[in-house]
Each structure stands twice: as structure tokens, then as C-alpha cells.
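A.B. asks: Dumping the structure here so I can ask a few things about it.
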Amino acid sequence: MTLQQFNVLRILRGAGEEGLPTLTVGERMVEQTPGITRLLDRLERRGWVSRGRCQEDRRRVLARITPEGRELLSRIDGPMARAEDAVLGALGADRVDLLSQLLEDLHGELTDRDVQPD
Numbered sequence: 173m174t175l176q177q178f179n180v181l182r183i184l185r186g187a188g189e190e191g192l193p194t195l196t197v198g199e200r201m202v203e204q205t206p207g208i209t210r211l212l213d214r215l216e217r218r219g220w221v222s223r224g225r226c227q228e229d230r231r232r233v234l235a236r237i238t239p240e241g242r243e244l245l246s247r248i249d250g251p252m253a254r255a256e257d258a259v260l261g262a263l264g265a266d267r268v269d270l271l272s273q274l275l276e277d278l279h280g281e282l283t284d285r286d287v288q289p290d
């Protein structure tokens, strides 16, 4: 599993049973990707995600995490948290908070300018 795939599964788990439109998933990703459809295709082939048409607006496709996807996340949440702690732990809480704020500011600036990857 890639970090992008992990990120998508976490986004969909947070969305609950109603799921999210495909483009919204792409917008919420830490690392923006123009290939969100292909990424969801791979997750769907593995049985971790399902997609279906929105009943209110048939043009929209909703993505949802499957029970298998939830179970996978429950198995890797702990190891991922420990890896994150190992990497960020050396900075200390104050510096991690500062880093988080700087990254949020940068993300907001890029979003405001509608900067797209090449």
C-alpha cells in the first residue's frame, strides 16, 4: 500500500457511510494527485473501496470505504502512528505544532492560488 492509498482510505473512513464524491477525495488528500480515479480503481480492485452513483445527482460518483478497507486500516493504524512518532518525536511538541501550522499556511496559499501539479 502506498502513502497515497493510505491517505485515501483514511479520508473515506472519516467520511462515514455516506462516502464522498471522487473529486472531494482528491481535494482532501495531503498530496494532491491528478490521477484520483486511477488511485480509486486500484483500491476498488483490492476490495478496499466501493463506488456508486449519487442518487440525487447521477453525474456524481461517491466513494466509500469497504469493511475490508476499515479492517486493513485498523491493522496498520498503530504501526503508522508509531512511525510518525519516531520521525516527528525528535522535533518536540512545540516544533511539531509550528511545522503543522506552516504546512497548513502553505497549503492554504497554494489552494488560494489554485496551483496545480505539472
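Residues 173 to 290 (the working numbering) make up the sequence shown, in order. Positions of the beta carbon are idealized from the N, C-alpha and C atoms, including for glycine.
#1: Output needed for GLU200: all residues of its chain with C-beta closer than 8 Å, excluding positions within five of it in sequence on either side, in chain order.
#2: In the structure shown, what three-state DSSP assignment does GLY280 receive?
#3: Using three-state DSSP, classify ARG247 as helix, strand or coil.
#4: Hey, out of CYS226, GLN227, GLU203, MET173, whose CA is closest to ARG217's CA?
#5: Which first and last residues belong to the beta strand (DSSP E) in which ARG223 is found?
#6: What is the DSSP secondary structure of VAL259, reduced to helix, strand or coil?
#7: Please report the straight-line C-alpha distance between ARG267 and ARG214, rounded to a whole angstrom.
C.D. replies: For this structure:
#1: What sits at residue 200 in the sequence shown is Arg, not Glu. Only ILE183, LEU192 meet the Cβ criterion.
#2: helix
#3: helix
#4: MET173
#5: 221-225
#6: helix
#7: 36 Å
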